[in-house]
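Asks:
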(Lines of atoms letter the chains of each structure in order from A and count residues from 1; the text may use other names and numbers.)
(Lines give C-alpha, C1' and ligand atoms only; values in the text may rest on other atoms or scores of the structure.)
Protein backbone atom coordinates (compact mmCIF):
# COMPACT_ATOMS: atom_id res chain seq x y z
CA UNK A 1 0.00 0.00 0.00
CA UNK A 2 1.47 3.33 -1.06
CA UNK A 3 2.04 5.89 1.71
CA UNK A 4 -0.29 8.92 1.75
CA UNK A 5 0.88 11.85 -0.32
CA UNK A 6 2.11 14.96 1.41
CA UNK A 7 0.07 18.14 1.14
CA UNK A 8 2.02 20.56 -1.03
CA UNK A 9 2.47 24.29 -0.50
CA UNK A 10 0.63 24.86 -3.78
CA UNK A 11 -2.38 23.06 -2.35
CA UNK A 12 -2.28 25.23 0.77
CA UNK A 13 -2.14 28.35 -1.43
CA UNK A 14 -5.16 27.16 -3.43
CA UNK A 15 -6.99 26.36 -0.18
CA UNK A 16 -6.31 29.83 1.26
CA UNK A 17 -7.10 31.60 -2.03
CA UNK A 18 -10.48 29.89 -2.27
CA UNK A 19 -11.43 30.46 1.39
CA UNK A 20 -10.45 34.12 1.15
CA UNK A 21 -13.07 34.45 -1.58
CA UNK A 22 -15.59 32.18 0.19
CA UNK A 23 -15.28 33.11 3.85
CA UNK A 24 -18.80 31.82 4.54
CA UNK A 25 -17.52 28.21 4.52
CA UNK A 26 -14.22 28.92 6.30
CA UNK A 27 -15.58 29.23 9.82
CA UNK A 28 -17.62 26.07 10.04
CA UNK A 29 -21.08 25.48 11.42
CA UNK A 30 -23.02 27.37 12.74
CA UNK A 31 -21.37 30.24 10.90
CA UNK A 32 -21.64 28.58 7.51
CA UNK A 33 -24.90 29.14 5.64
CA UNK A 34 -27.68 27.28 7.44
CA UNK A 35 -30.82 25.74 6.07
CA UNK A 36 -31.20 23.29 3.23
CA UNK A 37 -30.16 25.77 0.52
CA UNK A 38 -27.24 27.09 2.58
CA UNK A 39 -25.91 23.63 3.39
CA UNK A 40 -26.20 22.54 -0.22
CA UNK A 41 -24.38 25.71 -1.34
CA UNK A 42 -21.55 25.05 1.15
CA UNK A 43 -21.38 21.43 0.02
CA UNK A 44 -21.11 22.50 -3.62
CA UNK A 45 -18.28 24.91 -2.74
CA UNK A 46 -16.33 22.28 -0.80
CA UNK A 47 -16.77 19.85 -3.70
CA UNK A 48 -15.41 22.46 -6.12
CA UNK A 49 -12.48 23.23 -3.80
CA UNK A 50 -11.68 19.53 -3.39
CA UNK A 51 -11.52 19.11 -7.18
CA UNK A 52 -9.04 22.00 -7.43
CA UNK A 53 -6.88 20.65 -4.62
CA UNK A 54 -6.91 17.07 -5.92
CA UNK A 55 -5.91 18.28 -9.40
CA UNK A 56 -2.49 19.44 -8.15
CA UNK A 57 0.08 17.03 -9.53
CA UNK A 58 1.95 15.09 -6.86
CA UNK A 59 -0.25 16.45 -4.07
CA UNK A 60 -2.52 14.75 -1.57
CA UNK A 61 -5.99 13.53 -2.52
CA UNK A 62 -8.88 13.91 -0.12
CA UNK A 63 -12.65 13.92 -0.18
CA UNK A 64 -14.47 17.26 0.28
CA UNK A 65 -15.15 16.27 3.89
CA UNK A 66 -11.48 15.35 4.33
CA UNK A 67 -10.29 18.73 3.04
CA UNK A 68 -12.78 20.53 5.28
CA UNK A 69 -11.53 18.61 8.31
CA UNK A 70 -7.92 19.31 7.31
CA UNK A 71 -8.68 23.05 7.06
CA UNK A 72 -9.98 23.22 10.62
CA UNK A 73 -7.05 21.18 11.95
CA UNK A 74 -4.45 23.18 10.01
CA UNK A 75 -5.95 26.50 11.09
CA UNK A 76 -5.77 25.33 14.71
CA UNK A 77 -2.11 24.34 14.26
CA UNK A 78 -1.41 27.80 12.83
CA UNK A 79 -2.98 29.37 15.90
CA UNK A 80 -0.83 27.25 18.17
CA UNK A 81 2.21 28.21 16.14
CA UNK A 82 1.26 31.89 16.49
CA UNK A 83 1.05 31.37 20.25
CA UNK A 84 4.52 29.83 20.21
CA UNK A 85 5.82 32.83 18.26
CA UNK A 86 4.42 35.16 20.89
CA UNK A 87 5.85 33.06 23.70
CA UNK A 88 9.23 32.83 21.98
CA UNK A 89 9.38 36.60 21.62
CA UNK A 90 8.30 37.22 25.20
CA UNK A 91 11.04 34.91 26.47
CA UNK A 92 13.74 36.35 24.21
CA UNK A 93 15.68 39.32 25.49
CA UNK A 94 17.08 40.39 22.13
CA UNK A 95 13.87 39.85 20.16
CA UNK A 96 15.18 36.89 18.14
CA UNK A 97 13.05 33.77 17.85
CA UNK A 98 13.21 30.39 16.22
CA UNK A 99 9.53 29.90 15.41
CA UNK A 100 7.93 32.02 12.70
CA UNK A 101 4.82 32.00 10.53
CA UNK A 102 5.12 31.88 6.77
CA UNK A 103 2.98 33.98 4.47
CA UNK A 104 0.43 31.23 3.78
CA UNK A 105 -0.10 30.59 7.50
CA UNK A 106 -0.55 34.30 8.15
CA UNK A 107 -3.15 34.52 5.36
CA UNK A 108 -4.94 31.51 6.81
CA UNK A 109 -5.17 33.17 10.22
CA UNK A 110 -6.40 36.43 8.68
CA UNK A 111 -9.25 34.77 6.76
CA UNK A 112 -11.64 35.20 9.67
CA UNK A 113 -10.84 38.89 10.05
CA UNK A 114 -8.20 38.87 12.79
CA UNK A 115 -5.11 41.07 12.75
CA UNK A 116 -1.70 39.45 12.83
CA UNK A 117 1.78 40.69 12.02
CA UNK A 118 3.30 38.71 9.14
CA UNK A 119 6.81 38.48 10.50
CA UNK A 120 8.57 39.61 13.62
CA UNK A 121 10.74 42.60 12.84
CA UNK A 122 14.00 43.32 14.59
CA UNK A 123 13.17 46.99 15.22
CA UNK A 124 10.91 48.13 18.08
CA UNK A 125 7.36 48.06 16.69
CA UNK A 126 3.96 47.19 18.04
CA UNK A 127 3.14 43.50 17.51
CA UNK A 128 -0.23 41.82 17.68
CA UNK A 129 -0.31 38.04 17.68
CA UNK A 130 -3.43 36.20 16.70
CA UNK A 131 -4.28 34.01 19.67
CA UNK A 132 -8.02 34.11 20.08
CA UNK A 133 -10.66 32.08 18.30
CA UNK A 134 -13.20 33.61 15.94
CA UNK A 135 -15.10 36.61 17.21
CA UNK A 136 -17.84 34.25 18.36
CA UNK A 137 -15.68 32.35 20.88
CA UNK A 138 -16.96 31.90 24.39
CA UNK A 139 -14.10 33.77 26.03
CA UNK A 140 -11.76 35.48 23.55
CA UNK A 141 -8.15 36.08 24.47
CA UNK A 142 -7.00 39.67 24.16
CA UNK A 143 -4.25 40.50 21.70
CA UNK A 144 -0.85 40.98 23.29
CA UNK A 145 0.96 44.20 22.50
CA UNK A 146 4.69 44.54 22.70
CA UNK A 147 5.48 48.02 23.94
CA UNK A 148 9.04 49.34 23.79
CA UNK A 149 10.47 52.51 25.16
CA UNK A 150 9.99 54.26 21.80
CA UNK A 151 6.24 53.55 21.89
CA UNK A 152 5.71 54.69 25.47
CA UNK A 153 3.81 57.88 26.16
CA UNK A 154 4.79 59.85 29.22
CA UNK A 155 2.08 60.13 31.84
CA UNK A 156 2.16 63.74 32.99
CA UNK A 157 0.97 62.75 36.46
CA UNK A 158 3.28 59.89 37.34
CA UNK A 159 5.98 60.24 34.61
CA UNK A 160 6.35 56.44 34.63
CA UNK A 161 7.64 54.55 31.62
CA UNK A 162 6.61 51.10 30.44
CA UNK A 163 9.75 49.22 29.51
CA UNK A 164 10.74 45.83 28.20
CA UNK A 165 9.82 44.37 31.59
CA UNK A 166 6.22 44.50 30.41
CA UNK A 167 7.15 42.16 27.56
CA UNK A 168 9.12 39.77 29.76
CA UNK A 169 6.33 39.68 32.36
CA UNK A 170 3.66 38.79 29.80
CA UNK A 171 2.36 35.28 30.31
CA UNK A 172 2.13 32.56 27.65
CA UNK A 173 -1.32 31.55 26.39
CA UNK A 174 -3.13 29.58 29.09
CA UNK A 175 -3.83 25.90 28.62
CA UNK A 176 -7.57 26.42 29.04
CA UNK A 177 -7.58 28.65 25.95
CA UNK A 178 -5.97 25.96 23.80
CA UNK A 179 -8.30 23.31 25.24
CA UNK A 180 -11.27 25.59 24.60
CA UNK A 181 -10.21 26.00 20.98
CA UNK A 182 -9.88 22.21 20.58
CA UNK A 183 -13.34 21.69 22.05
CA UNK A 184 -14.86 24.43 19.92
CA UNK A 185 -13.45 22.98 16.68
CA UNK A 186 -14.59 19.49 17.66
CA UNK A 187 -18.07 20.83 18.43
CA UNK A 188 -18.20 22.62 15.08
CA UNK A 189 -17.24 19.42 13.28
CA UNK A 190 -19.89 17.41 15.17
CA UNK A 191 -22.58 19.99 14.38
CA UNK A 192 -21.52 20.09 10.73
CA UNK A 193 -21.75 16.30 10.48
CA UNK A 194 -25.16 16.34 12.19
CA UNK A 195 -26.48 18.95 9.79
CA UNK A 196 -25.10 17.03 6.82
CA UNK A 197 -26.90 13.93 8.13
CA UNK A 198 -30.11 15.94 8.36
CA UNK A 199 -29.63 17.19 4.81
CA UNK A 200 -29.04 13.61 3.65
CA UNK A 201 -32.24 12.45 5.35
CA UNK A 202 -34.15 15.35 3.82
CA UNK A 203 -32.77 14.40 0.42
CA UNK A 204 -33.85 10.78 0.94
CA UNK A 205 -37.33 11.93 1.90
CA UNK A 206 -37.41 14.15 -1.16
CA UNK A 207 -36.39 11.21 -3.35
CA UNK A 208 -39.05 9.00 -1.78
CA UNK A 209 -41.67 11.69 -2.26
CA UNK A 210 -40.67 11.99 -5.92
CA UNK A 211 -40.97 8.21 -6.34
CA UNK A 212 -44.41 8.20 -4.70
CA UNK A 213 -45.57 11.07 -6.89
CA UNK A 214 -44.30 9.23 -9.95
CA UNK A 215 -46.18 6.08 -8.93
CA UNK A 216 -49.36 8.10 -8.32
CA UNK A 217 -48.99 9.69 -11.74
CA UNK A 218 -48.54 6.27 -13.37
CA UNK A 219 -51.61 4.98 -11.52
CA UNK A 220 -53.70 7.93 -12.68
CA UNK A 221 -52.54 7.36 -16.25
CA UNK A 222 -53.50 3.67 -15.99
CA UNK A 223 -56.91 4.57 -14.54
CA UNK A 224 -57.50 7.08 -17.32
CA UNK A 225 -56.53 4.50 -19.92
CA UNK A 226 -58.90 1.93 -18.40
CA UNK A 227 -61.74 4.46 -18.33
CA UNK A 228 -61.15 5.22 -21.99
CA UNK A 229 -61.25 1.52 -22.83
CA UNK A 230 -64.48 1.08 -20.86
CA UNK A 231 -66.01 4.07 -22.58
CA UNK A 232 -65.00 2.66 -25.96
CA UNK A 233 -66.49 -0.76 -25.09
CA UNK A 234 -69.73 0.90 -23.97
CA UNK A 235 -69.97 2.80 -27.21
CA UNK A 236 -69.41 -0.40 -29.19
CA UNK A 237 -72.05 -2.20 -27.14
CA UNK A 238 -74.56 0.59 -27.65
CA UNK A 239 -73.82 0.62 -31.35
CA UNK A 240 -74.40 -3.15 -31.57
CA UNK A 241 -77.66 -2.87 -29.64
CA UNK A 242 -78.83 -0.09 -31.90
CA UNK A 243 -77.95 -2.13 -34.98
CA UNK A 244 -79.84 -5.15 -33.66
CA UNK A 245 -82.90 -3.03 -32.93
CA UNK A 246 -82.84 -1.59 -36.41
CA UNK A 247 -82.57 -5.07 -37.94
CA UNK A 248 -85.48 -6.27 -35.80
CA UNK A 249 -87.64 -3.33 -36.82
CA UNK A 250 -86.72 -3.84 -40.48
CA UNK A 251 -87.68 -7.52 -40.28
CA UNK A 252 -91.00 -6.64 -38.69
CA UNK A 253 -91.73 -4.13 -41.40
CA UNK A 254 -91.04 -6.76 -44.05
CA UNK A 255 -93.39 -9.21 -42.38
CA UNK A 256 -96.16 -6.63 -42.25
CA UNK A 257 -95.72 -5.71 -45.89
CA UNK A 258 -95.68 -9.39 -46.88
CA UNK A 259 -98.93 -9.97 -45.09
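Residue numbers (the numbering used here): 2 to 260. Glycine is no exception: its CB is placed at the ideal position from the N, C-alpha and C atoms. Small disclaimer: the values here were computed from a predicted structure and weren't measured.
When DSSP labels each residue in this structure, what does residue 81 get in the three-state scheme?
Replies: Residue 81: helix per DSSP, three-state reduction.
Asks: For residue 20 and residue 102, what's the separation of their Cα atoms in angstroms?
Replies: If I take the Cα positions, the gap works out to 19 Å.
Asks: Rounded to whole angstroms, what is the Cα-Cα separation between residue 233 and residue 218?
Replies: Their backbone Cα atoms lie some 23 Å apart in a straight line.
Asks: Beta-carbon separation of residue 76 and residue 109 under 8 Å?
Replies: Yes; because the gap between Cβ atoms is below 8 Å, this pair is in contact.
Asks: Please list, in chain order, all residues of the same chain as residue 44 whose beta carbon is under 8 Å from its beta carbon, the five residues on each side excluded.
Replies: For residue 44, where only same-chain residues beyond five positions count, the Cβ hits under 8 Å are 65, 197, 200.
Asks: With a CB to CB cut of under 6 Å and the five nearest residues on each side skipped, what residues in its chain are close to residue 81?
Replies: Taken in chain order, the list of residues that qualify is empty.
Asks: Taking all protein chains shown into account, decide if residue 230 is buried (16 or more other Cβ within 10 angstroms of its Cβ) or exposed.
Replies: Flag for residue 230 reads exposed.
Asks: Pick helix, strand or coil for residue 27, following the three-state DSSP scheme.
Replies: It is coil, neither helix nor strand.
Asks: Using the Cβ count rule (16 or more neighbours within 10 Å means buried), how would you classify residue 106?
Replies: With 16 or more Cβ atoms within 10 Å of its Cβ, residue 106 is classed as buried.
Asks: Pick helix, strand or coil for residue 17, following the three-state DSSP scheme.
Replies: Three-state result, residue 17: helix.
Asks: Hey, would you say residue 52 sits closer than 8 Å to residue 23, going by beta carbons?
Replies: Taking 8 Å as the Cβ cut-off, residue 52 and residue 23 do not qualify as a contacting pair.
Asks: Quick check on residue 12: buried or exposed, where buried means 16 or more other Cβ atoms within 10 Å of its Cβ?
Replies: Answer is buried; the Cβ neighbour count reaches 16.
Asks: Is the beta carbon of residue 112 closer than 8 Å to that of residue 42?
Replies: No, these two residues do not count as a Cβ contact at 8 Å.
Asks: Quick one: measure Cβ to Cβ for residue 7 and residue 61, integer angstroms, because I've assumed they're closer than 8 Å.
Replies: Confirmed, about 6 Å.
Asks: Checking 8 Å against the spacing of the C-beta atoms, do residue 57 and residue 9 come in under that value?
Replies: For residue 57 and residue 9, yes; Cβs fall inside 8 Å.
Asks: Distance, Cα to Cα, residue 187 vs residue 181?
Replies: Taking the straight line from one Cα to the other gives about 10 Å.
Asks: Output the distance between the C-alpha atoms of residue 238 and residue 225, rounded to the nearest integer angstrom.
Replies: Their backbone Cα atoms lie some 20 Å apart in a straight line.
Asks: At what residues does the alpha helix (DSSP H) containing residue 105 begin and finish?
Replies: Counting along the chain, the alpha helix (DSSP H) containing residue 105 begins and ends at 104-111.
Asks: Have a look at 206, 221, 179 and flag the residue whose alpha-carbon is nearest the alpha-carbon of residue 79.
Replies: The shortest Cα separation from residue 79 among 206, 221, 179 belongs to 179.
Asks: So, with DSSP's three-state summary, where would you put residue 59?
Replies: If DSSP states are grouped into helix, strand and coil, residue 59 belongs with coil.
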